[in-house]
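Undergrad:
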Amino acid sequence: DTGVSQDPRHKITKRGQNVTFRCDPISEHNRLYWYRQTLGQGPEFLTYFQNEAQLEKSRLLSDRFSAERPKGSFSTLEIQRTEQGDSAMYLCASSLVTGGADEQFFGPGTRLTVL
Amino acid sequence: AQSVTQLGSHVSVSEGALVLLRCNYSSSVPPYLFWYVQYPNQGLQLLLKYTTGATLVKGINGFEAEFKKSETSFHLTKPSAHMSDAAEYFCAVSERNFGNEKLTFGTGTRLTIIP
Numbered sequence: 007d008t009g010v011s012q013d014p015r016h017k018i019t020k021r022g023q024n025v026t027f028r029c030d031p032i033s034e035h036n037r038l039y040w041y042r043q044t045l046g047q048g049p050e051f052l053t054y055f056q057n058e059a060q061l062e063k064s065r066l067l068s069d070r071f072s073a074e075r076p077k078g079s080f081s082t083l084e085i086q087r088t089e090q091g092d093s094a095m096y097l098c099a100s101s102l103v104t105g106g107a108d109e110q111f112f113g114p115g116t117r118l119t120v121l
Numbered sequence: 012a013q014s015v016t017q018l019g020s021h022v023s024v025s026e027g028a029l030v031l032l033r034c035n036y037s038s039s040v041p042p043y044l045f046w047y048v049q050y051p052n053q054g055l056q057l058l059l060k061y062t063t064g065a066t067l068v069k070g071i072n073g074f075e076a077e078f079k080k081s082e083t084s085f086h087l088t089k090p091s092a093h094m095s096d097a098a099e100y101f102c103a104v105s106e107r108n109f110g111n112e113k114l115t116f117g118t119g120t121r122l123t124i125i126p
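Protein chains in written order, with this note's numbering: chain R, 7 to 121; chain U, 12 to 126.
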């Protein structure tokens, strides 16, 4: 068990550029979540996948954001035409569905800075 | 809708003293409740969770929390603080269902231990 990994750990970009983040969950986990954490706040839910299906998206996820989980393994989160307000820590978590209160295991996050 | 309020964004205690971090929640259905800890440059780590049954829940590193339905609270305690407990702590709630178990987090409490 190597845990949840995220890449890159840090990303600095200019406003208007596109960025893509990757999350590799724990291998047997079938559920994958994306959260966003801004300074001084707790993480906020963005979207989640059950295997390869994206089942819910938060209203926080504007149409500039897109997430995929091909083949139900790793996931990518892309932000198009980045804005300064997108600067945040993007967290990925994975879990194994067992029927309730499943523990979500978090990765270290990708810190995005939009200049 | 569910929400979490953590009273006190910063808490300082002396080494060896009692740690008490406060959390109140709001949920339209019986909740699952969690405490996570976040060390610098690391992912969130689960300390403990409440699902059903015994209202006093014991977690890792000597922490425990008590679910009080009448007070809608889930305060985190540790009898004797250690320097290694310095971190940010997040209380979270999720709804009981077999679909999206997204976590709703509080804004966090930064715990400082005074030598």
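Here a beta-carbon is modelled for each residue, glycine too, at the ideal position from N, C-alpha and C. The model shown is predicted, which means the values in this text are computed figures rather than measured ones.
I'd like to know whether the C-beta of G27 of chain U is nearer than 7 Å to at least one C-beta of chain R.
TA: no
Undergrad: Whole angstroms is fine: what's the gap from R87 of chain R's alpha carbon to K77 of chain R's?
TA: 27 Å
Undergrad: So which residues of chain R does G73 of chain U contact, with C-beta pairs closer than 9 Å?
TA: Correct list: empty, because the minimum Cβ distance to chain R is about 19 Å.
Undergrad: In chain order, what residues of the same chain lie with their CB nearer than 7 Å to the CB of T44 of chain R, ignoring the 5 residues before and after it?
TA: So the list reads A94, once near-sequence residues are dropped.
Undergrad: Return yes when the C-beta of Q86 of chain R is under 6 Å from any heavy atom of the ligand FAD, and no when it is not.
TA: This structure lacks the ligand FAD, and indeed carries no ligand of any kind.
Undergrad: Looking at the C-beta of Y43 of chain U, does it have a partner C-beta in chain R at a distance below 7 Å?
TA: At least one CB atom of chain R sits nearer than 7 Å to the CB of Y43 of chain U.
Undergrad: In this structure, does DSSP put I71 of chain U in helix, strand or coil?
TA: helix
Undergrad: Note the first and the last residue of the continuous beta strand (DSSP E) segment covering F71 of chain R.
TA: Membership of F71 of chain R in the beta strand (DSSP E) is indicated by the continuous run 71-74.
Undergrad: Does the beta-carbon of Y50 of chain U have 16 or more other beta-carbons within 10 angstroms, so that it is buried, or is it exposed?
TA: exposed
Undergrad: Can you give me the C-alpha to C-alpha distance between R28 of chain R and L59 of chain U, rounded to a whole angstrom?
TA: 28 Å
Undergrad: Along the chain, where does the beta strand (DSSP E) that runs through E112 of chain U open and close?
TA: That residue, E112 of chain U, is in no beta strand (DSSP E); it is neither H nor E in DSSP.
Undergrad: On the CB-based measure, 16 or more other CB atoms within 10 Å of its CB, does S81 of chain U come out buried or exposed?
TA: Around the beta carbon of S81 of chain U, a 10 Å sphere encloses fewer than 16 other beta carbons of the protein chains shown; the residue is thus reported as exposed.
Undergrad: Three Cβ pairs or more, each shorter than 8 Å: is that satisfied between the stretch 103-120 of chain R and the stretch 27-35 of chain U?
TA: Verdict: no, contact absent.
Undergrad: From the DSSP secondary-structure annotation, give me the bridge partner or partners of A107 of chain R.
TA: Per DSSP, none; premise fails for A107 of chain R.
Undergrad: Can you list, in chain order, the residues of its chain with a C-beta nearer than 6 Å to that of H16 of chain R? Leave out the 5 residues immediately preceding and following it.
TA: R117
Undergrad: Between R:E89, R:L66, R:T8, which lies nearest to I138 of chain R when the distance is taken from Cα to Cα?
TA: Not covered by the structure: residue 138 of chain R. The range shown for chain R is 7 to 121.
Undergrad: From Q110 of chain R to A103 of chain U, what does the alpha carbon distance come to, in whole angstroms?
TA: 12 Å
Undergrad: Which first and last residues belong to the beta strand (DSSP E) in which V24 of chain U is found?
TA: 21-25
Undergrad: Consider the Cβ of Q47 of chain R: report whether some Cβ of chain U lies at a distance smaller than 7 Å.
TA: Yes, Q47 of chain R counts as interfacial toward chain U.
Undergrad: Tell me whether R42 of chain R is buried or exposed, calling it buried when 16 or more other Cβ atoms sit within 10 Å of its Cβ.
TA: buried
Undergrad: When burial is assigned at 16 or more other CB atoms within 10 Å of the CB, is L55 of chain U buried or exposed?
TA: buried
Undergrad: Could you check the C-alpha separation between P90 of chain U and S38 of chain U for me, to the nearest Å?
TA: 29 Å
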